[in-house]
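Going down the list, the protein sequences come from chains A and B.
Under the working numbering, the residue at position 65 of the first sequence is numbered 187, and the numbers go up by one with no gaps.
Under the working numbering, the residue at position 36 of the second sequence is numbered 605, and the numbers go up by one with no gaps.
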Amino acid sequence: MKRFKEKDGFKKHILIVDDEFANREILGNIFNGVYEVTYAEDGEQAMEILGERPYDFSLILLDLLMPKMDGFTVIKLCKENELLKRIPIIVMTSEKDAEIESIKLGAIDFITKPYDMPEVILARTERIIEFAEDKNIIQATEKDSLTGLYTKEYFLRYISQIEHYAPETKMDAVVLNIDHFHLINEIYGRDFGDEVLVLVANELLDMIEQKKGGLASRINADIFYVYLEHKGIYGYNVLERINKQIYERTSTHNIRVRLGVYPDVDKSVQPEMWYDRAVIACNRIREDYTRNVAYYDNSLYERAIYEEKLIRDFYTAVSEKQLMVYFQPKYNITGEKPRLSSAEALIRWKHPELGMISPGDFVPLFEGNGLIQQLDNYVWEEAARQIKEWKDKYGVTIPVSVNVSRIDIYDPKLFDKLTNLIEKYGLTTNEYMLEITESAYSDNVNELIEVVNKLRGRGFKIELDDFGSGYSSLNMLTTLPIDVLKMDMKFIRNMLVDYKNLKLVEIILDIARLLKVPVIAEGVEEEKQYQTLRDRGCDVIQGYYFSKPLPAAEFNLLIEKDLKENQ
Amino acid sequence: MLTIDALKEFGANVDEGLARCMNNEALYLRLAGTVVDEKNFDRLKDALSANNLDEAFEAAHALKGALGNLAITPVYEKVVEITELLRARTDMDYTALEAEIEGKREELRKLL
Numbered sequence: 123m124k125r126f127k128e129k130d131g132f133k134k135h136i137l138i139v140d141d142e143f144a145n146r147e148i149l150g151n152i153f154n155g156v157y158e159v160t161y162a163e164d165g166e167q168a169m170e171i172l173g174e175r176p177y178d179f180s181l182i183l184l185d186l187l188m189p190k191m192d193g194f195t196v197i198k199l200c201k202e203n204e205l206l207k208r209i210p211i212i213v214m215t216s217e218k219d220a221e222i223e224s225i226k227l228g229a230i231d232f233i234t235k236p237y238d239m240p241e242v243i244l245a246r247t248e249r250i251i252e253f254a255e256d257k258n259i260i261q262a263t264e265k266d267s268l269t270g271l272y273t274k275e276y277f278l279r280y281i282s283q284i285e286h287y288a289p290e291t292k293m294d295a296v297v298l299n300i301d302h303f304h305l306i307n308e309i310y311g312r313d314f315g316d317e318v319l320v321l322v323a324n325e326l327l328d329m330i331e332q333k334k335g336g337l338a339s340r341i342n343a344d345i346f347y348v349y350l351e352h353k354g355i356y357g358y359n360v361l362e363r364i365n366k367q368i369y370e371r372t373s374t375h376n377i378r379v380r381l382g383v384y385p386d387v388d389k390s391v392q393p394e395m396w397y398d399r400a401v402i403a404c405n406r407i408r409e410d411y412t413r414n415v416a417y418y419d420n421s422l423y424e425r426a427i428y429e430e431k432l433i434r435d436f437y438t439a440v441s442e443k444q445l446m447v448y449f450q451p452k453y454n455i456t457g458e459k460p461r462l463s464s465a466e467a468l469i470r471w472k473h474p475e476l477g478m479i480s481p482g483d484f485v486p487l488f489e490g491n492g493l494i495q496q497l498d499n500y501v502w503e504e505a506a507r508q509i510k511e512w513k514d515k516y517g518v519t520i521p522v523s524v525n526v527s528r529i530d531i532y533d534p535k536l537f538d539k540l541t542n543l544i545e546k547y548g549l550t551t552n553e554y555m556l557e558i559t560e561s562a563y564s565d566n567v568n569e570l571i572e573v574v575n576k577l578r579g580r581g582f583k584i585e586l587d588d589f590g591s592g593y594s595s596l597n598m599l600t601t602l603p604i605d606v607l608k609m610d611m612k613f614i615r616n617m618l619v620d621y622k623n624l625k626l627v628e629i630i631l632d633i634a635r636l637l638k639v640p641v642i643a644e645g646v647e648e649e650k651q652y653q654t655l656r657d658r659g660c661d662v663i664q665g666y667y668f669s670k671p672l673p674a675a676e677f678n679l680l681i682e683k684d685l686k687e688n689q
Numbered sequence: 570m571l572t573i574d575a576l577k578e579f580g581a582n583v584d585e586g587l588a589r590c591m592n593n594e595a596l597y598l599r600l601a602g603t604v605v606d607e608k609n610f611d612r613l614k615d616a617l618s619a620n621n622l623d624e625a626f627e628a629a630h631a632l633k634g635a636l637g638n639l640a641i642t643p644v645y646e647k648v649v650e651i652t653e654l655l656r657a658r659t660d661m662d663y664t665a666l667e668a669e670i671e672g673k674r675e676e677l678r679k680l681l
């Protein structure tokens with residue numbers, strides 16, 4: 123494998139296309155030793171070989187008059203093909219007219235028959251290959267000037283050469299991606315960004331060096347492809363070294379490096395497909411900070427297809443009202459007995475083919491591609507409309523909290539959208555709560571605080587969602603502009619099993635008291651959990667213990683019940 | 570067994586043919602030996618008897634290329650002659666010329 127590492131180790135390939143055995147043999151004898159020679163007996167065979175190995179050849183030597191498919195057709199087909207048009211074609215002919223015709227079609231030169239002396243032919247082909255490569259280099263260079271890794275085009279070309287020499291070797295396709303790389307450039311400057319890229323490139327070179335061969339390429343900004351011999355488990359060492367160095371310079375865990383691995387690639391499909399698969403694996407752990415390496419398997423592929431469908435069907439879902447807003451009641455437990463106090467708006471998708479789709483399936487997906495913003499806007503409107511309906515019907519306000527996703531924060535129209543909604547349905551900001559997940563706070567704190575302050579200035583109440591799951595420092599808590607703490611449901615789920623979790627629940631309640639904000643406990647399912655929380659001074663409870671999320675019509679019954687019991 | 574001397578005597582431009590084979594005598598003799606059985610000889614014969622001048626031209630043209638590269642001059646010269654006539658689709662009786670080519674081919678075969 124060592125010899126694949128450097129371009130100089132490669133022999134260039136040429137394809138000789140001639141129907142005459144003697145001619146092929148004479149040329150083969152001239153070129154063998156200098157080039158790697160492949161033969162085709164007619165145009166059809168030539169196109170077949172080129173189709174299978176489009177990156178391999180540096181030159182085509184082409185006879186014109188051949189059975190099945192003639193040389194003119196081969197030239198035409200090559201020049202029309204994106205991958206093949208870069209390959210210079212030398213025509214071999216004894217006809218003056220044909221020379222002109224083939225040059226017109228795009229052949230670069232011709233060799234007359236009977237052939238010139240071998241030295242002449244060799245010198246001519248060599249010059250033409252060099253000339254063509256120089257010309258191609260203007261369009262595509264072999265190495266990325268910053269990192270010294272191969273560019274994508276050459277990377278793919280050399281993969282096909284490795285495959286030619288060692289088709290039996292098991293190989294892995296690996297994608298490396300840097301999370302939030304644009305932030306590195308923006309916050310720490312381009313120079314530092316470049317430094318990180320070089321650092322990553324060097325680690326990758328080390329990785330393939332240890333595997334004695336393989337190829338590495340920088341595909342674009344912060345995406346790297348590696349092709350190397352198959353191995354079982356992927357390099358926590360490499361990732362740890364990279365991540366550690368980045369962390370040392372930036373002090374943030376948000377910028378980290380992920381690997382997607384497509385192990386033991388299926389050689390019956392094109393290399394581009396291998397990397398599509400590695401990318402699918404890599405994207406799977408985009409939000410999962412506990413894993414830095416992901417492996418492709420078929421379920422990932424099916425998952426990707428499924429996600430594609432959800433994305434495609436989103437607009438129909440909105441227009442056909444397949445997306446429904448459910449309301450999960452929250453109960454205030456500070457008094458004698460629990461009272462219905464408010465609700466959280468939750469989205470449900472009743473898909474005509476797939477049935478009920480869990481929000482866990484599509485919310486993270488839409489968060490990833492930006493559709494979440496439209497989904498949120500839809501929920502906001504439905505929630506506002508529902509609050510108004512309950513006011514009109516029962517004369518009471520059930521405040522509803524809606525989710526404000528990270529991406530909404532950066533929407534310059536956020537403030538206007540929300541205030542317009544309030545006004546449209548004649549609500550006050552006290553009746554409409556905004557939930558912002560804790561992890562959004564660690565992203566770009568200053569901008570977020572600014573947006574939140576503006577909303578609070580207008581009277582909106584902010585609930586800090588999933589508190590305890592993110593990365594807020596205790597110090598940051600004191601400056602956070604929030605009105606309610608919503609404890610992450612993991613604490614509740616584990617607090618009766620694990621004493622440490624219970625202790626954390628108590629600490630969070632203490633923090634809330636210090637901040638003088640109420641605490642909502644989510645995911646309360648059992649009586650014992652409810653009692654425990656109540657005993658420790660938790661204010662509001664949400665969860666299956668009281669009720670699952672309900673469609674508005676069923677929620678009405680809860681309101682009626684609460685009104686009747688508390689008249 | 571075909572030899573360089575025999576080919577020389579036959580009238581082949583051995584120096585030229587050998588040079589194209591980068592003076593690899595074994596290769597040159599092997600190719601000169603196999604060209605006798607070139608399928609295009611038969612293709613030419615059949616096309617001419619069927620009066621299919623297009624196909625005859627293609628076959629002759631292919632032969633011309635191979636024979637020229639090997640510099641088997643006696644056969645080559647006859648094939649060049651018929652190729653040019655066929656290129657112009659000359660309407661004539663090719664029997665004599667064809668027989669001459671076959672004659673030279675037989676002479677070559679005897680050297681094997």
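Quick reminder that beta carbons are idealized off the backbone N, C-alpha and C, glycines included.
Where do the N-terminal and C-terminal ends of the alpha helix (DSSP H) with PHE589 of chain A fall, by residue?
Unbroken run through PHE589 of chain A is the beta strand (DSSP E), 583-589; no alpha helix (DSSP H).
Cα-Cα separation between LYS127 of chain A and TYR349 of chain A, rounded to whole angstroms
Caution is warranted here: a pLDDT of 34 is assigned to LYS127 of chain A, below 50, making its placement in the model unreliable, and the coordinate value is therefore given only provisionally. Answer to the nearest angstrom: the Cα atoms are 11 Å apart.
Using a Cβ-Cβ cut-off of 6 Å (strictly less than) and excluding sequence neighbours within five positions of ILE531 of chain A, which residues of its own chain qualify?
Contacts found: LEU570 and VAL573.
Tell me the DSSP secondary structure of GLY150 of chain A in three-state form.
helix
In angstroms, rounded to a whole number, what distance separates the CA positions of GLY634 of chain B and ALA295 of chain A?
47 Å
Rounding to the nearest angstrom, what Cα-Cα distance links ILE281 of chain A and TYR384 of chain A in this structure?
Taking the straight line from one Cα to the other gives about 15 Å.
Please compile the residues from chain B whose C-beta is within a distance smaller than 8 Å of the C-beta of TYR280 of chain A.
Chain B residues near TYR280 of chain A: none, gap ~30 Å exceeds 8 Å.
Within chain B, partners of ASP164 of chain A - CB distance below 7 Å
Going along chain B, no residue has its Cβ under 7 Å from ASP164 of chain A, so there is no contact; the nearest lies around 11 Å.
Beta-carbon of PRO393 of chain A versus every beta-carbon of chain B: anything under 9 Å?
no
Kindly indicate if chain A contains any beta-carbon less than 9 Å away from that of GLU627 of chain B.
So, interface residue.
Let me know the secondary structure DSSP gives ARG461 of chain A once reduced to three states.
strand
PHE220 of chain A versus chain B: which residues are under 8 Å apart at the beta carbon?
Checking the displayed sequence, the identity of residue 220 of chain A turns out to be Ala instead of Phe. By Cβ distance, chain B contributes nothing, its closest Cβ being about 11 Å from ALA220 of chain A, past 8 Å.
Check whether the Cβ atoms of GLY382 of chain A and LEU298 of chain A sit closer than 9 Å, and answer yes or no.
Taking 9 Å as the cut-off, the Cβ atoms of GLY382 of chain A and LEU298 of chain A count as close.
State yes or no: is the beta carbon of VAL603 of chain B nearer than 9 Å to at least one beta carbon in chain A?
Per the sequence presented here, residue 603 of chain B reads as Thr, with Val not at that position. Interface residue, yes.
Touch check for the stretch 597-615 of chain A and the stretch 625-642 of chain A: three-plus C-beta pairs under 8 Å?
yes
May I have the straight-line CA-CA distance separating GLU560 of chain A from SER390 of chain A, to the nearest angstrom?
46 Å
Quick one, are the C-beta atoms of SER669 of chain A and LEU655 of chain A less than 9 Å apart?
no
If you follow the alpha helix (DSSP H) that ASN611 of chain A is part of, which residue opens it and which one closes it?
Residue identity check: residue 611 of chain A is Met in the sequence provided, not Asn. Here the alpha helix (DSSP H) through MET611 of chain A covers 611-616.
Beta-carbon gap between GLN664 of chain A and GLU682 of chain A smaller than 9 Å:
no
Is LEU184 of chain A close to chain B? Criterion is C-beta to C-beta, closer than 9 Å.
no
Which residues in chain B have a C-beta closer than 7 Å to the C-beta of LYS235 of chain A? List them in chain order.
GLY634, GLY637 and ASN638
Within 9 Å of any Cβ in chain B, is that where the Cβ of TYR216 of chain A sits?
At residue 216 of chain A the sequence reads Ser, which differs from the Tyr that was named. Yes, its Cβ sits closer than 9 Å to a Cβ of chain B.
Taking VAL501 of chain A and ALA467 of chain A to be in contact with their CB atoms under 8 Å, please state how far apart those CB atoms are, rounded to whole angstroms.
5 Å
In three-state DSSP terms, what is ILE211 of chain A?
strand
Pick out whichever of A:GLU409, A:LEU624, A:LYS353 and A:GLY659 has its Cα sitting closest to the Cα of GLY482 of chain A.
A:GLU409
Against chain B, with Cβ distances strictly below 9 Å, would ALA245 of chain A count as a contact?
no
Is GLN689 of chain A helix, strand or coil when you go by DSSP?
coil
Give me the Cα-Cα distance between THR600 of chain A and ILE629 of chain A, rounded to the nearest whole angstrom.
15 Å
Any C-beta of chain B under 9 Å from that of PHE143 of chain A
yes
Which residues, in order along the stretch 134-159 of chain A, keep a beta-carbon less than 7 Å from a beta-carbon of chain B?
ASP141, GLU142, PHE143, ALA144, ASN145, GLU147, ILE148, ASN151 and ILE152
Separation of PRO189 of chain A from MET395 of chain A, as counted between CA atoms
Rounded to whole angstroms, MET395 of chain A to PRO189 of chain A spans 35 Å at the Cα level.
Nearest to ASN525 of chain A (by Cα), restricted to the options A:GLY311, A:GLU351, A:LEU540 and A:ASN678
A:LEU540
Quick one, which of B:ALA601, B:LEU666, B:LEU617 and B:ALA640 has its alpha-carbon nearest PHE143 of chain A's?
It is B:ALA601 whose Cα lies nearest to the Cα of PHE143 of chain A.
With 9 Å set as the bound, which would you pick, yes or no: does the beta-carbon of MET191 of chain A sit closer than that to a beta-carbon of chain B?
no
Residues, ordered as in the chain, of the stretch 588-617 of chain B that lie near chain A by beta-carbon distance below 7 Å:
ALA588, ARG589, CYS590, MET591, ASN593, LEU596, LEU600, THR603 and VAL604
Compare the C-beta of GLU646 of chain B with all C-beta atoms of chain A and state if any pair is closer than 9 Å.
no
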